[in-house]
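Comments concern the structure below.
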Amino acid sequence: MNGYVGTATSRVDGRAKVTGAAKYAGEFAADGLLHGFVVTATIPRGRITRLDASGALKVKGVVDVLTHAHRHPLADKDEAWKDEVAPEKGSPFRPLYDDSIKFNDQPIALVVAEDWETAKFAATLLDVAYQEEPFATDLEAERGSATEVQKPHEPRGDAAAALAGAAIRHEADYLVPTEHHNPMELYATTAVWEVDRLTVYDKTQGVQNVQKFLCSVFGKTPDEIRVISPYVGGAFGSGLRPQYQVVLATLAALQLKRSVRIVLTRHQMYGLGYRPETIEHVGLGARPDGTLDAVVHEAIAVTSRYEEFSRNDTGWAEQLYKSANSRYSHQLVRLDVATPCDMRAPGAASGVWALECAMDELANALKLDPVELRLKCYSDRDQSEDLPYTSKQLRACYRQAAAAFGWSNRNPAPRSMRDGKELVGWGMATGIWEALQMPVAARIVLTANGHAEVSSAASDIGTGTYTIVAQVAADALGLPMDNITVKLADSSLPQAPVEGGSWMAASSAHAVLAAAEDIRQELARLAVAMAGSPLAGTDPADVILSEGMIAVGSDKSRSVSIADAMRSGSLERIEKEKLNHFAEDKSHARNTHSAVFAEVKIDEELGVIRVTRVVNAVAAGRILNTKTGRSQVMGSVVWGIGMALHEEAVMDHRFGRIMNANIAEYHIPVNADIHDIDVIFVDEQDEHINKLGIKGLGEIGIVGVPAAIANAVYHATGRRVRRFPITLDKLLS
Amino acid sequence: MINFQYSCASDVTEAIGLLAAHSGAKLIAGGTNLIDLMKESVEKPTRLIDISRLPLRQIEETGDGGLHIGALVPNSDLAYHPLIEERYPLLASAILAGASAQLRNMASVGGNLMQRTRCAYFYDTATPCNKRTPGSGCSAVDGLNRNHAILGTSAFCIATNPSDMSVALAALDAVVHIAGPSGERTMGMREFHRLPGDTPHVDTNLERSEIITAIELPPRGFAGNYSYLKIRDRVSYAFAIVSVAAALEFDGHAIRKARLALGGVAHKPWCSVEAEAALQGQPATTDHFARAADLLLQGARTYAHNGFKVELARRAVMRTLTQAANASPQSQAHKKIA
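First to last, the protein sequences are chains A and B. Everything in the first sequence is counted per numbering that gives the first Met the number 0, starting at 0 for the first residue and increasing by one. Everything in the second sequence is counted per numbering that gives the first Met the number 0, starting at 0 for the first residue and increasing by one.
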């Protein structure tokens with residue numbers, strides 16, 4: 000199979016997106032559409048004692064005000080509220096369920112009106128009173144209440160003793176602040192009501208997850224609720240779980256028997272999930288030659304009082320660095336905040352930052368080059384299970400990135416390099432993520448004119464799923480890409496889980512491949528059986544689909560057209576649906592890897608930091624599309640720059656409120672902050688992981704970037720900042 | 000958003016009359032700040048008086064060699080006007096350091112002077128704020144105050160004025176032309192904005208029924224030796240942590256005239272005649288720049304999270320004066336600090 004896969008193919012949905020033809024959840028229309036505006040709590044914990052909507056209801060155009068005391072029935076069992084991504088332990092949040100306030104900016108009412116402006120105005124007229132209760136939102140103040148919830152890996156040896164006895168020891172805390180996803184598209188749902196069913200256009204990473212969730216919350220059957228999400232303007236993990244606006248829009252539609260649209264405000268987006276503030280404690284013990292004897296990594300992270308959200312922040316050294324002794328633990332502090340959720344490279348973006356910063360500090364203590372230390376400790380096996388990797392081209396990542404960056408010209412001494420008034424710093428770090436794959440089904444409908452429609456409930460959250468599905472289908476069916484139509488993200492299409500974890504490329508590609516194989520077999524059977532066929536007598540297994548023809552693999556001149564073969568069987572269309580299948584393999588570890596090198600220039604007097612160069616060499620198996628793949632990694636690098644230098648949701652713990660809940664004050668990089676970004680895809684052929692050797696790119700691009708920048712800042716200034724974001728005041732003080 | 004009445008004024012007199020007649024009314028020109036504040040329920044005008052069609056869009060030379068700038072000239076038109084670029088490049092530079100191209104296209108000169116603080120507590124109606132709700136208390140004094148003022152603060156308010164343009168106008172000693180029910184008057188730019196005192200809800204010395212009609216720039220434009228340096232947390236689209244407008248005129252090696260103004264540190268553009276006087280007649284040396292910076296920052300008072308601002312401001316003043324003296328002003332297009 001070759002042709003489109005592996006090439007720099009433009010997005011098939013690019014034109015629709017830039018011309019506005021692509022419709023997003025908040026853009027679908029319906030007859031008599033109503034608009035809902037969400038009213039949110041202004042305290043972090045307590046009870047609603049008064050919620051008087053009479054003033055709002057008097058406004059012309061207001062249809063109703065939904066509250067916990069005035070609403071259509073909602074399921075009362077926790078199980079009904081657990082979507083497929085919900086934490087195992089806990090009781091999921093239920094909007095407008097009762098009078099309790101669990102976090103600030105929690106929805107407490109929905110004003111529904113004939114137009115959005117009226118709903119928003121009427122929302123200001125609600126009379127709300129609370130009985131406030133004592134609350135806590137400060138992780139560092141509540142650190143003592145942390146409880147262990149998870150050991151990512153069993154301890155090996157005695158890490159504490161080995162650390163205590165190490166010749167060279169480094170121990171420190173690293174702090175990751177609360178970070179919010181801030182996708183460009185606001186969370187939105189348009190619930191289109193009909194007598195016997197609802198069509199729900201929702202911003203989500205998984206339409207079937209939302210469908211199942213709504214069915215269980217509202218006691219409906221799958222044929223009564225259909226969820227569609229053709230385009231998503233960024234989600235980055237925030238759309239894995241159904242968000243409260245989809246519940247409220249569905250609730251209002253069922254209660255009022257009208258179609259309802261809800262679009263959250265930017266401020267309200269800060270009341271959804273987020274990357275939890277986390278204290279990462281790392282301890283490394285080494286011999287003078289750089290051999291690691293002890294790795295200790297403990298994370299203390301925020302969760303809500305009502306759910307236990309945790310991810311693997313701490314286990315990554317187990318894959319990366321050989322050490323005879325190791326211990327990892329994850330602890331949670333329960334606070335009066337909303338439950339955190341996955342955010343690009345959850346666990347790794349934060350945990351690997353701490354680990355890779357600590358490795359840099361250890362290299363300094365050992366007077367070893369940071370790359371040399373990592374090569375010295377390089378692990379060819381996943382130590383937790385003692386398994387080899389399906390593939391691991393991390394050494395090549397270091398080599399190629401270092402060469403492209405010019406690392407050999409680095410003066411190792413901090414504050415030794417400068418450019419005029421600016422101190423120059425060069426830093427590096429390793430990145431790692433998992434190569435996951437999930438059950439996904441695809442349907443292909445081939446028509447006699449040589450066109451194929453490929454469909455699956457899988458989402459494209461801007462990652463390029465539409466495009467890679469078309470590429471894989473075109474190659475597998477031997478058709479030009481123009482002949483392929485892709486339909487995604489409709490709950491009525493073949494099964495798919497949420498899009499996340501970097502698993503959708505491998506999972507969807509192999510679903511398409513499986514369905515295409517069934518098409519090939521059917522066409523081969525028809526072609527071989529045709530009267531006077533040039534393929535007569537050929538083993539159907541030797542028949543290939545190529546250049547629009549059905550041909551003998553060893554002699555492509557012996558071929559028939561798809562149209563002729565289908566006509567011979569009196570077929571107008573061939574439809575095949577298939578679930579992907581991955582051979583079970585417990586004898587390998589599966590990961591993607593990267594090496595990130597960064598240059599910073601820092602005004603010595605003023606502390607202003609510029610990230611002038613980043614080289615990110617990624618080994619992630621076969622890259623399906625080098626254009627969308629490169630864009631995905633570049634975007635990740637930009638985010639990594641933001642994580643290191645800009646991003647922080649700042650909470651005033653006296654009020655338990657985020658005080659910069661908008662994108663003017665919650666900083667992410669702007670264009671002028673971004674300079675050269677060089678993405679290298681390191682050749683990595685993986686014959687074990689799956690048929691096409693795909694590993695996925697969604698997460699790996701960000702991991703390691705924040706640490707490389709933090710390490711470069713240290714090299715430039717001699718100052719180690721262990722608390723993100725690295726703002727200029729931290730360099731001046 | 001709230002409901003409001005709308006009037007469109009056809010001349011200045013009518014605008015003043017409408018303001019006088021409706022106590023809850025506000026003027027709207029570009030709306031880049033007011034509309035945001037209305038969406039957040041911070042500003043709740045009962046009536047908007049649209050002045051965008053008033054004939055206040057001219058930039059004209061005055062008899063004495065200065066410039067008269069109509070209050071409705073968009074910020075971007077002003078920044079790119081040939082006479083501004085040639086004779087008042089400090090003003091052009093400060094404008095281009097602010098906001099985004101889209102906002103500068105909409106925002107008027109008069110509106111820029113009237114924009115309100117970006118203090119997070121002022122914007123969040125769920126928290127106390129004396130500027131928004133007099134008497135409710137200041138959340139910033141003991142709260143998140145990393146971006147807050149270090150000069151001219153009071154126990155009632157430590158908010159800063161967010162404008163870049165105003166900092167340059169203060170340095171240039173511009174004059175604000177005002178029309179009101181009792182006629183026209185002028186006010187120096189350095190007197191236009193107020194310190195918070197015990198009335199932080201009052202930002203400026205404009206009377207309630209008055210309207211800004213123009214800004215007048217004096218003949219001295221400091222086109223040879225100037226710089227506007229804005230220090231912020233990302234290199235564009237962020238408010239100043241500290242900004243400095245510096246303008247020098249030389250007589251040989253001696254400084255004949257010096258002008259300095261700070262942004263991001265006070266409730267108004269911060270100036271000190273003592274600091275300027277200390278430079279006059281002196282050579283452009285680091286020692287004299289340091290002395291001027293110290294005088295400018297005299298009386299600085301810091302809070303829990305903004306202690307770094309004093310030293311940062313001091314260094315920024317010295318750097319900006321150096322840029323001005325070397326005739327190598329900070330570029331707003333190339334973000335590397337010169």
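In this text, a Cβ means the ideal position worked out from N, Cα and C, and glycines have one as well.
Distance between residue j and residue i (C-alpha atoms, nearest Å)
i: T285(B); j: T321(B); result: 8 Å
i: A412(A); j: A707(A); result: 16 Å
i: P192(B); j: T152(B); result: First, the residue type needs correcting, since residue 192(B) is His and not Pro in the sequence shown. Roughly 13 Å between the two C-alpha positions.
i: S490(A); j: A190(A); result: 14 Å
i: V194(A); j: N482(A); result: 38 Å
i: D51(A); j: Q130(A); result: 15 Å
i: L354(A); j: G641(A); result: 19 Å
i: M0(A); j: A402(A); result: Its pLDDT being 48, under 50, M0(A) is placed unreliably by the model, and nothing is read from it.
i: L55(B); j: I83(B); result: 17 Å
i: A663(A); j: L124(A); result: 27 Å
i: Q149(A); j: Q330(A); result: 7 Å
i: V11(A); j: K101(A); result: 43 Å
i: Y474(A); j: L319(A); result: The amino acid at residue 474(A) is misidentified as Tyr; the sequence shows Asp. Approximately 36 Å between the Cα atoms of the pair.
i: D517(A); j: W638(A); result: 41 Å
i: K575(A); j: A456(A); result: 15 Å
i: V246(A); j: A315(B); result: 52 Å
i: K59(A); j: N146(B); result: 42 Å
i: L271(A); j: S237(A); result: 8 Å
i: L26(B); j: L95(B); result: 25 Å
i: I58(B); j: G69(B); result: 6 Å
Closest by C-alpha distance to residue i, when choosing among the options
i: G45(A); options: N103(A), A616(A), R398(A); result: N103(A)
i: I15(B); options: A178(B), L294(B), N160(B), N146(B); result: A178(B)
i: G547(A); options: G461(A), A472(A), V468(A), G449(A); result: G449(A)
i: A111(B); options: I157(B), A100(B), S165(B); result: The amino acid occupying residue 111(B) in the given sequence is Asn; Ala does not appear at that position. Nearest option by C-alpha distance: S165(B).
i: L422(A); options: E598(A), V678(A), G238(A); result: E598(A)
i: L174(A); options: K119(A), Q392(A), C356(A), T389(A); result: C356(A)
i: G233(A); options: R196(A), I460(A), A347(A), A535(A); result: I460(A)
i: P43(A); options: A187(A), V336(A), I443(A); result: V336(A)
i: T146(A); options: S53(A), A300(A), L32(A), A165(A); result: A300(A)
i: A643(A); options: V702(A), A660(A), T627(A), V84(A); result: V702(A)
Neighbouring residues, chain B, relative to residue i (Cβ below 8 Å)
i: P668(A); result: R233
i: N659(A); result: A119
i: E664(A); result: R117, A119
i: H34(A); result: Per Cβ cutoff of 8 Å: no residues; H34(A) is ~13 Å from chain B at best.
Where residue i falls, given that 16 or more other Cβ within 10 Å makes a residue buried
i: E178(A); result: buried
i: T45(B); result: exposed
i: D126(A); result: exposed
i: V272(B); result: exposed
i: M183(A); result: exposed
i: E647(A); result: buried
i: N689(A); result: buried
i: Q267(A); result: buried
Interface residues of chain A facing residue i [CB-CB closer than 9 Å]
i: I34(B); result: The premise fails here: I34(B) is roughly 13 Å from chain A at the closest Cβ pair, so nothing lies under 9 Å.
Contact list for residue i against chain B, beta-carbon separation under 7 Å
i: V604(A); result: Correcting the residue identity first, residue 604(A) is Glu in this sequence and not Val. Neighbours of E604(A) on chain B, chain order: R314, R318.
Partners in chain B for residue i, counting only beta-carbon separations shorter than 9 Å
i: V649(A); result: A119, L143, R145
Chain A residues whose Cβ lies nearer than 7 Å to that of residue i
i: E338(B); result: Outside the displayed range of chain B (0 to 337) lies residue 338(B), so it cannot be described from this structure.
i: K334(B); result: A671
Amino acids of chain A, ordered along the chain, whose beta-carbon sits closer than 8 Å to that of residue i
i: I230(B); result: L605, V607, L727
i: S9(B); result: Those do not exist, as S9(B) stays about 27 Å from chain A at its closest Cβ, beyond 8 Å.
Q: Identify every run of the beta strand (DSSP E) within the region 60-136 of chain A, keeping only runs that are complete inside it and at least 3 residues long; order them along the chain.
A: 61-66, 106-112, 126-131
Q) Whole beta strand (DSSP E) runs in the region 19-98 of chain B with 3 or more residues, listed along the chain? A) 24-27, 46-49, 58-60, 66-69
**Q.** Length at least 3, wholly inside the region 407-441 of chain A: the beta strand (DSSP E) runs in chain order
**A.** 416-418, 421-433
Q) At which residue ranges does the region 145-225 of chain A contain complete alpha helix (DSSP H) runs of 4 or more residues, listed in the order of the chain? A) 158-163, 206-217
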